[in-house]
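Trainee: First residue of the sequence shown? That's 129 in my numbering, and the numbers climb one at a time after it.
One structure follows; several queries about it will come next.
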Amino acid sequence: MGENRPILVVGGGYAGLSFIRQMRKYSPEVPVTLIDKNPYHTMLVETHQVAAGTRPAESILIPFDQLGDFRFIRAEVIAVDPGTRTLSTTAGDIRYERLVLAVGSVDHDYGVPGVREHCQMLRGLADAEEIRRRLDALGPDAPVLIAGGGLTGVELAAHIALRRPGHRSITLVEAAPTLLPGLPPRLARAARRRLGLLGVNVLAGSPVTRVEAGRAHLRDGTVLPFGLMIWAAGVRAHPLVTALGLPADRTGRVIVGPDYRTPLPDVYVIGDCASGHQPSAQAALQQGRALAAVLTGRSPAPLRSKGVLVDLGEHRAVGRVGAITLSGLVPGILKRFTEAAWIGRIGGWGAALRSLIWGSPALSEGVEGAPRMRI
Ligand SMILES: Cc1cc2nc3c(=O)[nH]c(=O)nc-3n(C[C@H](O)[C@H](O)[C@H](O)COP(=O)(O)OP(=O)(O)OC[C@H]3O[C@@H](n4cnc5c(N)ncnc54)[C@H](O)[C@@H]3O)c2cc1C
129 MGENRPILVV
139 GGGYAGLSFI
149 RQMRKYSPEV
159 PVTLIDKNPY
169 HTMLVETHQV
179 AAGTRPAESI
189 LIPFDQLGDF
199 RFIRAEVIAV
209 DPGTRTLSTT
219 AGDIRYERLV
229 LAVGSVDHDY
239 GVPGVREHCQ
249 MLRGLADAEE
259 IRRRLDALGP
269 DAPVLIAGGG
279 LTGVELAAHI
289 ALRRPGHRSI
299 TLVEAAPTLL
309 PGLPPRLARA
319 ARRRLGLLGV
329 NVLAGSPVTR
339 VEAGRAHLRD
349 GTVLPFGLMI
359 WAAGVRAHPL
369 VTALGLPADR
379 TGRVIVGPDY
389 RTPLPDVYVI
399 GDCASGHQPS
409 AQAALQQGRA
419 LAAVLTGRSP
429 APLRSKGVLV
439 DLGEHRAVGR
449 VGAITLSGLV
459 PGILKRFTEA
469 AWIGRIGGWG
479 AALRSLIWGS
489 PALSEGVEGA
499 PRMRI
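Here it is as structure tokens:
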């Protein structure tokens, strides 16, 4: 059986919001409060489009006050003190009875010298805006270099190439021998073909070993000049979570069982902060639902990968859905509907329809507290 003690959720991303939605459904009587540093949910999986400038920022944000029936506090959490059950935040100390940490992840530079100083990261809206600003300021001959040929890097490269068709040099570097490691080779080849058609040079099989002002060095001796270098090569757990010193994997994500419980009393972790799966929005939202089941005395559903879709711009994508691999417009349209399904789940079908028809789920133009950007 579940209990009724209040729950404080830190982080209104895919994991946190999915947890809150499911709790409202299973046990509406349990008081749930969300704390987030932003007043809106960011659809992080679409930030590459904002960075490239192919989509306005507002269209990937949903204000929490349009999501309904839970209390929201806007504050950045600085530290957790499990001894006194207190969060220290930018809005003062806040006590909790039960705590769900869903703060996502941060960039991982893998200790490569110069990355922090000379590369732009892509983690959230502020980074996306900065990339867009710097791209706009770049001359047509200045090379753009993207490190990381996983999902984020490939999607970003495709959208930058689409936004800047006259640009002479956009290069994507991947340490592994192929793009999109983990996906079937057929899909990696299809993605590479599409990037080639868009004018992106792909260099796979040699990691970046050092970055200095305007130049990146690869292990095979290649030196690549750049006007802008974007680091999209991996993530690690959020420092708020690693600071707790809990048993963790090599990227700092807390090792938890199927009940998402940590060794600390009444503290749970979900989403990118939890170990045992590839960090993804899909896993995060399934974990949110599973934790709500655990806390209301139900059996949590095991995590199940439904597939992956890689956005290559102009409604084209490559991906795997169940056992089927797809490339072209069909997965591209599926990707659009996946986004609408998420919006529908957290914001209702009106918001999902608004997103499909007008391209933005928010009720009003402009989102309070959000950067105002137009294409
Ligand atoms: C460009 C890009 C493309 C991607 N594409 C895909 C994709 O196609 N498919 C897929 O499955 N995954 C994709 N991902 C990965 C996916 O976005 C993440 O795995 C997912 O967002 C993790 O969800 P989460 O709820 O754990 O964290 P997040 O969605 O990152 O949410 C964390 C929340 O915590 C808040 N927060 C953080 N720190 C604090 C703090 N100190 N105090 C208060 N609030 C805080 C943030 O504001 C945010 O709202 C992509 C990621 C990127 C960057």
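For every residue, glycine included, the Cβ atom is placed at its ideal position computed from N, Cα and C.
Which runs of the beta strand (DSSP E), 3 residues or longer, sit entirely within the stretch 384 to 467?
Mentor: Runs found: 395 to 397, 435 to 439, 445 to 449 and 452 to 456.
Trainee: Just list the residues that DSSP pairs A265 with in beta bridges.
Mentor: The partner list for A265 (beta bridge, DSSP) is empty, contrary to what the question assumes.
Trainee: Determine the extent of the alpha helix (DSSP H) in which G220 is found, giving its start and end residues.
Mentor: No alpha helix (DSSP H) contains G220, which is instead part of the beta strand (DSSP E) from G220 to R223.
Trainee: In its own chain, which residues sit with a C-beta less than 7 Å from the C-beta of D377, not counting the 5 before and 5 after it?
Mentor: Closer than 7 Å at the Cβ level, and outside the excluded window around D377, lie I383 and S403.
Trainee: Please confirm if the stretch 214 to 223 is in contact with the stretch 167 to 182, defined as three or more CB-CB distances below 8 Å between the two stretches.
Mentor: No, they do not touch.
Trainee: My understanding is that T420 touches F198, with C-beta atoms under 8 Å, so please give their C-beta distance in whole angstroms.
Mentor: Note that residue 420 corresponds to Ala in the displayed sequence, not to Thr. About 13 Å; that fails the 8 Å criterion.
Trainee: To the nearest angstrom, report how far apart S483 and G232 are at their CA atoms.
Mentor: Taking the straight line joining both Cα atoms gives about 24 Å.
Trainee: Is it true that the CB of L290 sits closer than 8 Å to the CB of L326?
Mentor: Closer than 8 Å, so yes.
Trainee: Is V446 near V339, with beta carbons less than 8 Å apart?
Mentor: Not closer than 8 Å, so no.
Trainee: Could you give the C-beta distance for I190 and A468, rounded to a whole number, given that I count them as a contact under 8 Å?
Mentor: Between A468 and I190 the Cβ distance is about 12 Å, and since that is not below 8 Å, they are no contact.
Trainee: Given a cut-off of 8 Å on the beta-carbon distance, is the pair L323 and A316 in contact?
Mentor: Not in contact: L323 and A316 (Cβ atoms no closer than 8 Å).
Trainee: May I ask you to report which of helix, strand or coil DSSP gives L325?
Mentor: In the structure shown, L325 sits in a helix (DSSP, three-state: H, G or I).
Trainee: Between the stretch 234 to 248 and the stretch 349 to 368, can you find at least three pairs of beta-carbon atoms closer than 8 Å?
Mentor: In short, these stretches touch, since the Cβ pair count reaches three.
Trainee: Name the two residues that bound the continuous beta strand (DSSP E) containing A275.
Mentor: Element bounds for A275: V272 to A275.
Trainee: Under the rule that 16 or more other beta-carbon atoms within 10 Å means buried, what is D400, buried or exposed?
Mentor: Result: buried.
Trainee: Just the Cα atoms here: how many angstroms apart are N132 and L250?
Mentor: So the alpha carbons of these two residues sit roughly 39 Å apart.
Trainee: Could you tell me how far apart the beta carbons of G211 and L172 are, in whole angstroms, since I believe they sit closer than 8 Å?
Mentor: 32 Å between Cβ atoms; not a contact.
Trainee: Please say whether V301 and L263 have beta carbons closer to each other than 8 Å?
Mentor: Not a contact, by the Cβ cut-off of 8 Å.
Trainee: Where does E204 sit, in a helix, a strand or coil, going by DSSP?
Mentor: Reduced to three states, the DSSP call for E204 is coil.
Trainee: So which of L195, T170, A203 and F200 has the shortest CA-CA distance to S187?
Mentor: Here the closest residue by C-alpha is T170.
Trainee: Should A318 be labelled buried (16 or more other beta-carbon atoms within 10 Å of its own) or exposed?
Mentor: Buried.
Trainee: Where do the N-terminal and C-terminal ends of the beta strand (DSSP E) with H176 fall, by residue?
Mentor: Careful: H176 lies outside any beta strand (DSSP E), inside the alpha helix (DSSP H) at T175 to A180.
Trainee: Can you tell me the Cα-Cα spacing of I274 and V395, whole angstroms?
Mentor: Rounded to the nearest angstrom, the two C-alpha atoms are 37 Å apart.
Trainee: On the CB-based measure, 16 or more other CB atoms within 10 Å of its CB, does Q410 come out buried or exposed?
Mentor: With 16 or more other Cβ atoms within 10 Å, it is buried.
Trainee: Suppose contacts are defined by Cβ-Cβ distances below 8 Å. Is R364 in contact with H236 by that definition?
Mentor: Their beta carbons are under 8 Å apart, which means R364 touches H236 by this criterion.
Trainee: Could you give the distance in angstroms between the alpha-carbon of E283 and the alpha-carbon of L440?
Mentor: Near 6 Å, if we compare the C-alpha coordinates of L440 and E283.
Trainee: Pull up the distance between the alpha-carbon of Y388 and that of L266, whole angstroms please.
Mentor: Going by the C-alpha atoms only, they are around 45 Å apart.
Trainee: CB of L250 to nearest heavy atom of ligand 1: below 7 Å?
Mentor: Yes, the Cβ of L250 comes within 7 Å of a heavy atom of ligand 1.
Trainee: Candidates R296, V137 and E257: which alpha carbon is nearest R223's?
Mentor: Ranking the options by Cα distance to R223, first place goes to V137.
Trainee: DSSP on P499, reduced to helix/strand/coil?
Mentor: The predicted model places P499 with a pLDDT of 46, which falls under 50 and marks its position as unreliable, so this point remains unresolved.
Trainee: So is the beta-carbon of C401 under 7 Å away from any non-hydrogen atom of ligand 1?
Mentor: Within the cutoff, so yes.
Trainee: Give me the Cα-Cα distance between I485 and E442, rounded to the nearest whole angstrom.
Mentor: Those two C-alpha atoms are separated by around 16 Å.
Trainee: Leaving out five residues before and five after E157 in sequence, what residues of the same chain have Cβ atoms less than 8 Å from its Cβ?
Mentor: Result list for E157: N132, in chain order.
Trainee: Leaving out five residues before and five after L311 in sequence, what residues of the same chain have Cβ atoms less than 6 Å from its Cβ?
Mentor: Closer than 6 Å at the Cβ level, and outside the excluded window around L311, lies no residue.
Trainee: Expressed to the nearest angstrom, what Euclidean distance is found between the alpha-carbon atoms of P499 and E174?
Mentor: Any reading at P499 must be qualified, since the residue scores a pLDDT of 46, below 50, and its modelled position is unreliable; the value itself is stated next. Distance between the alpha carbons of P499 and E174: 16 Å.
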